[in-house]
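Down below is the structure, laid out as structure tokens.
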DNA sequence: TTTAATAATTTGACCCTCAAACTATTTTTT
DNA sequence: AAAAAATAGTTTGAGGGTCAAATTATTAAA
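Structure, rendered in structure tokens:
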């Protein structure tokens, strides 16, 4: 079989399986009421200063309406704090609560373990090439994203 | 930056945007009534002989109930043919219609462009190394997925 | 001060998913 | 051969996730 078909098949399979594994890791972990989607929102909010809804929505490539719904639930579950900005009262600032920070760190440890597992499996040369390939892939999706933007 | 951080960042970004972009590429194309999920079902059914529900569901890692719903809609939209097996009347055989085959090929061109973007600037040797690396990772994650199976 | 623009939320409609109950059929056991 | 068990799919009910469009509140521009 030619190399392109093989690469394509491997990538497709890899993405699907990593998704499944991540989902399982989240739901069987300490924070059972956090969905995979919730976790991505938590990651996007991040550990630094509070962010507004629009910027987080842009990071996640969803509408602010969609983010509002996700944040409603995360606030109710106690992972996210939400306050109206004093400087500009249209703006809503969201940040991770203590519990949210713990969930973030918990999940980032999962990432670390996964990356470590990947790196362990590969030779130095393979690591370099993989990094290069992923960078290219990222670039491809970025430009495609710009081109197909609504 | 060290390889681990780079890999992690790339993976996080990729997972964040891949689905969104793929969905957009599909919906802005010729086949506007096909969702990303529909397309994955179409891919899983494939261009060869008809498959039964259970085997396609296993490929996609969903329950047969979920697949039934997706196939209902694809049959209604004219992308999939569904017939009961004569040999074993419990079995339902699904296959791509002409329209389904065209959609399959249309989407495979998106994948081709993606792979081309990756491979473009890699030497032949690097391509070999990447293939080997991805194969290794696939094998590794397969066994991990099996181990953590419900 | 009216008019625009901006930030977020709400609403209504779809899509996706699963577990569990159910139907129909085939296979195994007795 | 009749009864029981296994298998293949479908249906149902409930929970998430998504968007576009309408709405509210606030700020910036004319």
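Protein chains in written order, with the working numbering: chain A, 35 to 184; chain B, 35 to 184. From the three backbone atoms N, C-alpha and C, an ideal C-beta is built for every residue, glycine too.
Exercise. Per DSSP, which one or two residues make a beta bridge with residue 115 of chain A?
Worked result: Looking at the DSSP assignment, residue 115 of chain A forms a beta bridge with A:129.
For this session: Could you tell me how far apart the beta carbons of residue 165 of chain A and residue 40 of chain B are, in whole angstroms, since I believe they sit closer than 8 Å?
Result: Distance from residue 165 of chain A to residue 40 of chain B at the Cβ level is roughly 6 Å; contact confirmed, criterion being Cβ atoms closer than 8 Å.
Exercise. Residue 148 of chain A: buried (16+ other C-beta within 10 angstroms of its C-beta) or exposed?
Worked result: Residue environment: residue 148 of chain A is assigned as buried (16 or more neighbouring CB atoms within 10 Å of its CB, all protein chains considered).
Exercise. Tell me which same chain residues have a C-beta within less than 6 Å of the C-beta of residue 65 of chain A, skipping the five on either side of it?
Worked result: Answer for residue 65 of chain A: 137, listed in chain order.
For this session: Classify residue 85 of chain A as helix, strand or coil using the three-state DSSP reduction.
Result: Residue 85 of chain A falls in the strand class under three-state DSSP.
For this session: Check residue 35 of chain B in the structure and name its three-state DSSP category.
Result: In the structure shown, the three-state DSSP call for residue 35 of chain B is coil.
Problem set entry | Nonlocal neighbours in the same chain, by C-beta distance under 6 Å from residue 141 of chain B, ignoring five residues either side | Only 73 meet the Cβ criterion.
Exercise. Residues of chain B with a CB under 7 Å from the CB of residue 82 of chain A: which are they?
Worked result: At a beta-carbon threshold of 7 Å, none of the residues of chain B lie near residue 82 of chain A; the nearest stands roughly 16 Å away.
Exercise. Hey, residue 59 of chain A and residue 144 of chain A: beta-carbon distance below 8 Å or not?
Worked result: Judged by beta-carbon spacing, residue 144 of chain A lies within the 8 Å limit of residue 59 of chain A, meaning their Cβ atoms are closer than that value.
For this session: State the Cα-Cα distance for the pair residue 7 of chain B and residue 161 of chain A, rounded to the nearest angstrom.
Result: Nothing can be reported for residue 7 of chain B, as the shown portion of chain B is limited to 35 through 184.
Exercise. Thinking C-beta only, is residue 126 of chain B closer than 8 Å to residue 172 of chain B?
Worked result: No, they are not a contact pair.
Exercise. Looking at the structure shown, is residue 157 of chain A part of a helix, part of a strand, or coil, going by DSSP?
Worked result: Note: residue 157 of chain A maps to coil in three-state DSSP.
For this session: For residue 184 of chain A, count neighbouring Cβ atoms within 10 angstroms of its own Cβ and tell me buried if that reaches 16, exposed if not.
Result: With a pLDDT of 45 at residue 184 of chain A, under the threshold of 50, the predicted position of this residue should be treated as unreliable, though the coordinate-derived value follows. Looking at its Cβ environment, which holds fewer than 16 other Cβ atoms inside 10 Å, residue 184 of chain A is exposed.
Exercise. For residue 145 of chain B, which residues in chain A fall below 7 Å Cβ to Cβ?
Worked result: Chain A residues near residue 145 of chain B: 42.
Exercise. Start and end of the alpha helix (DSSP H) containing residue 78 of chain B?
Worked result: Annotation: the continuous alpha helix (DSSP H) that includes residue 78 of chain B extends over 70 to 79.
Problem set entry | DSSP three-state assignment for residue 96 of chain B, whether helix, strand or coil | Coil, per DSSP.
Exercise. Which chain A residues are close to residue 172 of chain B, counting only those with a beta carbon under 8 Å from its beta carbon?
Worked result: Within chain A, the residues 44, 47, 48 and 51 have their CB atoms less than 8 Å from the CB of residue 172 of chain B, given in chain order.
Problem set entry | Short CB-CB distance (under 8 Å) between residue 54 of chain A and chain B | Interface criterion met: the Cβ of residue 54 of chain A is under 8 Å from a Cβ in chain B.
Problem set entry | Reduced DSSP secondary structure (H/G/I, E/B, other) of residue 52 of chain A | When secondary structure is reduced to three states using DSSP, residue 52 of chain A falls in the helix class.
Exercise. In chain B, which residues lie less than 7 Å from residue 88 of chain A when you measure between Cβ atoms?
Worked result: Residues of chain B passing the Cβ test: none, with the nearest at roughly 17 Å.
Problem set entry | Min CB distance residue 122 of chain B to chain A below 8 Å | For residue 122 of chain B, the closest Cβ of chain A is not nearer than 8 Å.
Problem set entry | Whole-angstrom distance between residue 48 of chain B and residue 79 of chain A, CA atom to CA atom | Each residue's Cα considered, the two are about 17 Å apart.
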